[in-house]
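Colleague: My questions all concern the structure below.
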């Protein structure tokens, strides 16, 4: 580690295929994933929702916190947390997924958080719709972007910045963006953006800025690091790429049976077992089909519904398990006709890998 | 991965020094660590307390949950959660640390959860003292062990078992073991053992059995897998070893300045900076000294107190940072005269590595 990560133009550390470095494991230790065994639940238990925080979690004083509407507004204003909580309240279960989920399955891979399958979760977010507040601030006619700035600050590729993202006026009109202060019936936790964040339903998690301090109306496009220099789907170094936006269709299985502690492979006895899991897609698009690979064939699972337009859909299927070793898998299709690929799509930064979830299961003879 | 982890006598996967496997990263993704930037807080924010769960988290029905006192008791009984919550209530901040914390720094290392520094946390646990309940059940005179059994089940080294641990009557008499149903003013979360667990203050975390279903009085020593086949300090394959019990003296630093996203190295401007962190030892033994390496010399930090006998102690020290690259470190000493080593002590399973915490800091010229 002789490289200085704070030098302008600093590059990410290199990676070795097939193995992971100490720095990648350190990222995995601090950015926590969901527990797949809780996929039987519609709402992810508090404290097990995935966390991907670029910089340090700011511990903010809620009593002093202010949200500022700035820039090209005709009627800019500032709101305290008391004022924000007095606005019309709504609660909505929303499924969030990290854009980097599945990165460890992409080859060749890049240096970043090495997610396998677990950077996804569904919480009941409490807050207020954002659109009426933007309207109240009266954006000027030439506004091209609304920039959302967090209080979290650090370096990436040698560039210091607050985490910030933007949405265009057209995107705001299409999306049900929420200003959020609560989660699962409790105040927002520090690591999830307390006291205030946004939730951009249907998009990958990078859009849902935490520790929100400022919303700036811009008469040009926002050029923040996290908007233009990363979170782009790119096939090679020369590819300018396209922005990461809505979540790709995906599904996960609650691993059946019981685990081996270290390999997480599964063991169960022969006989009928009900497999279940969750499936989701971006932009509120419904799931129309989930197939499960039982042995050599894909079979349709039963869909058991979703609690909200932007939340995942439950699925289940019975399996008559016979002795042997199986690589079970699940594959979802959405109403736009998109189906999960069997192999990871390549992306330079390992973004948006929605290939199928595989679970190795050892089926033993039934006890007599 | 052709090995069958469910075969009797199955061995753990092998490891390669200096790099980590996909299976190790998968463990790191599900077993989450503390966020070191929250070390400025006395209580670890809910949802960021470290998690080390051997098997799947059981999602238990609190209304149906019963704790059974079984075995060599003259007056065994069963308690519902309502009955347990009606017992005398106490709340206590207790610092817990995973016995495997620091494993990734031990060389050669073994295959298990690759913790760096972050498997530690302090929560306010609410419950009732265990000792009066054991007394009420009237253990017979020949009792040698009380076995605590959880509802979590799985395999390790090919052996199926519920997670279980034991304490002797003498240990129970010495330790302030709590039966716990609450955490930080809320009901216990599923991943922390809901609806009921024990907390064994001053011991490494493996003793604090989650999802507690049964306390069995035994007239022989308990032979459960997690008691006799693991959680032993061993120097080589032939070493029968000694049990892992109380926590070794240790300290961590809240990393100063701001991070680089991927390497977690730190950046700050030259000038005075206050470094702070936490230090703890096992068995309620107080911390008497924390030294911090600033450049080439170790300097004594100020101790800022602890909220309870079994909770960590705060420390702070001012540093006049000059431009350059520094590997800061902190080192605690307890009232028994134990001091953290500079290098990781070797253990076959990577247990109880309490070597000093190092933080790489890049100090830039102060902005003018």
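Chains as they are written, first to last, in full-length UniProt numbering: chain A, 1 to 368; chain B, 1 to 368.
All C-beta atoms, glycine included, are put in the ideal place defined by N, C-alpha and C.
Of the residues 49(B), 341(B), 338(B) and 21(B), which one's Cα is nearest the Cα of residue 192(B)?
Modeller: Checking every option, the nearest Cα to that of residue 192(B) belongs to 49(B).
Colleague: So residue 28(A) packs on residue 28(B), CB below 8 Å; how close in whole Å?
Modeller: Yes, they are in contact, since the Cβ atoms of residue 28(A) and residue 28(B) sit about 4 Å apart, within 8 Å.
Colleague: Could you say which of 131(A), 312(A), 162(A) and 155(A) lies nearest to residue 87(A) if we only look at CA atoms?
Modeller: Among 131(A), 312(A), 162(A) and 155(A), the Cα nearest to that of residue 87(A) belongs to 131(A).
Colleague: Output the distance between the C-alpha atoms of residue 98(B) and residue 120(B), rounded to the nearest integer angstrom.
Modeller: Between residue 98(B) and residue 120(B), the C-alpha separation is close to 6 Å.
Colleague: Since residue 222(A) contacts residue 166(A) with CB under 8 Å, what's their CB separation in whole angstroms?
Modeller: Going by Cβ atoms, the distance from residue 222(A) to residue 166(A) rounds to 4 Å, so yes, they are a contact pair.
Colleague: Using 7 Å as the cut-off, classify the Cβ of residue 125(B) as near or not near the heavy atoms of the ligand GDP, replying yes or no.
Modeller: No copy of the ligand GDP appears in this structure; indeed no ligand is present at all.
Colleague: Along chain B, in chain order, which residues have C-beta atoms closer than 7 Å to that of residue 4(A)?
Modeller: Those are 362, listed as they occur along chain B.
Colleague: Mind pulling the chain A residues with CB within less than 7 Å of residue 118(B)?
Modeller: Near residue 118(B) (Cβ distances below 7 Å), the residues of chain A are 29 and 30.
Colleague: To the nearest angstrom, report how far apart residue 331(B) and residue 356(A) are at their CA atoms.
Modeller: Going from the Cα of residue 331(B) to the Cα of residue 356(A) covers about 46 Å.
Colleague: Residues of chain A with a CB under 9 Å from the CB of residue 112(B): which are they?
Modeller: Neighbours of residue 112(B) on chain A, chain order: 261 and 262.
Colleague: Could you give the C-beta distance for residue 154(B) and residue 259(A), rounded to a whole number, given that I count them as a contact under 8 Å?
Modeller: Indeed, because the Cβ distance is near 5 Å, the residues count as touching under 8 Å.
Colleague: Using a C-beta to C-beta distance shorter than 9 Å, which residues of chain A count as neighbours of residue 209(B)?
Modeller: Under the 9 Å cutoff, chain A gives no residues; its nearest Cβ is about 15 Å from residue 209(B).
Colleague: Figure out for me which residue from 267(A), 296(A), 293(A) and 156(A) has the closest Cα to the Cα of residue 361(A).
Modeller: Out of 267(A), 296(A), 293(A) and 156(A), 267(A) has the C-alpha closest to the C-alpha of residue 361(A).
Colleague: Let me know the secondary structure DSSP gives residue 73(A) once reduced to three states.
Modeller: Reduced to three states, the DSSP call for residue 73(A) is strand.
Colleague: In three-state terms, what does DSSP make of residue 62(B)?
Modeller: Looking at residue 62(B) - three-state DSSP - the assignment turns out to be helix.
Colleague: Use the C-beta contact count for residue 226(A): other C-beta atoms within 10 angstroms, 16 or more gives buried, fewer gives exposed.
Modeller: Result: buried.
Colleague: Taking the straight line between their C-alpha atoms, what separation do you get for residue 33(B) and residue 52(A)?
Modeller: Distance between the alpha carbons of residue 33(B) and residue 52(A) is about 13 Å.
Colleague: Which residues of chain B have a Cβ atom closer than 9 Å to the Cβ of residue 205(A), listed in chain order?
Modeller: Simply none; closest approach about 15 Å.
Colleague: Of the choices 180(A), 189(A), 181(A) and 182(A), whose alpha-carbon is the least far from that of residue 184(B)?
Modeller: With distances taken between Cα atoms, residue 184(B) lies closest to 189(A).
Colleague: Looking at the C-beta of residue 322(A), does it have a partner C-beta in chain B at a distance below 8 Å?
Modeller: Taking Cβ atoms only, chain B never reaches closer than 8 Å to residue 322(A), which makes this a no.
Colleague: Identify whether residue 151(A) lies in helix, strand or coil by the three-state DSSP scheme.
Modeller: Looking at residue 151(A) - three-state DSSP - the assignment turns out to be strand.
Colleague: Classify residue 192(B) as helix, strand or coil using the three-state DSSP reduction.
Modeller: The answer is helix: DSSP assigns residue 192(B) an H, G or I state.
Colleague: I want to see whether chain B comes within less than 8 Å of residue 265(A), judged by CB atoms only; does it?
Modeller: By this cut-off, residue 265(A) is an interface position.
Colleague: Beta-carbon separation of residue 279(B) and residue 315(B) under 8 Å?
Modeller: Yes, Cβ-Cβ distance for residue 279(B) and residue 315(B) is below 8 Å.
Colleague: Let me know the secondary structure DSSP gives residue 1(B) once reduced to three states.
Modeller: With a pLDDT of 47 at residue 1(B), under the threshold of 50, the modelled position of this residue cannot be trusted; read the value that follows with caution. Three-state result, residue 1(B): coil.
Colleague: Nearest chain B C-beta to residue 22(A) closer than 8 Å, yes or no?
Modeller: Yes, contact with chain B.
Colleague: Would you mind telling me which residues of chain B sit closer than 7 Å to residue 189(A), beta carbon to beta carbon, in chain order?
Modeller: Ordered by position in chain B, the residues that pass the 7 Å Cβ test against residue 189(A) are 45, 46 and 47.
Colleague: Residue 185(B) touches chain A at which residues, Cβ-Cβ below 9 Å?
Modeller: What residue 185(B) touches in chain A: nothing, since even the nearest Cβ is about 10 Å away.
Colleague: Does any residue of chain B bring its CB to less than 8 Å from the CB of residue 37(A)?
Modeller: Residue 37(A) counts as touching chain B.
Colleague: For residue 123(A), count neighbouring Cβ atoms within 10 angstroms of its own Cβ and tell me buried if that reaches 16, exposed if not.
Modeller: Its Cβ being crowded by 16 or more others within 10 Å, residue 123(A) is buried.
Colleague: Taking its Cβ as the centre, do 16 or more other Cβ atoms sit within 10 Å of residue 197(B), making it buried, or is it exposed?
Modeller: Counting Cβ neighbours within 10 Å, residue 197(B) comes out buried, since at least 16 surround it.
Colleague: Cutting at 8 Å between CB atoms, please list the residues of its own chain near residue 200(B), excluding the five before and the five after it.
Modeller: Only 167, 175, 177, 207 and 208 meet the Cβ criterion.
Colleague: Is residue 165(A) helix, strand or coil when you go by DSSP?
Modeller: In the structure shown, residue 165(A) sits in a strand (DSSP, three-state: E or B).
Colleague: Could you please give the first and the last residue of the uninterrupted alpha helix (DSSP H) stretch that includes residue 134(A)?
Modeller: Looking at the DSSP string, the run of the alpha helix (DSSP H) that includes residue 134(A) is 131-137.
Colleague: Under 8 Å Cβ-Cβ, which residues of chain A neighbour residue 156(B)?
Modeller: Here the neighbours are 260, 261 and 262.
Colleague: Compute the Euclidean distance between the alpha carbons of residue 236(B) and residue 104(B), then round it to the nearest angstrom.
Modeller: About 18 Å.
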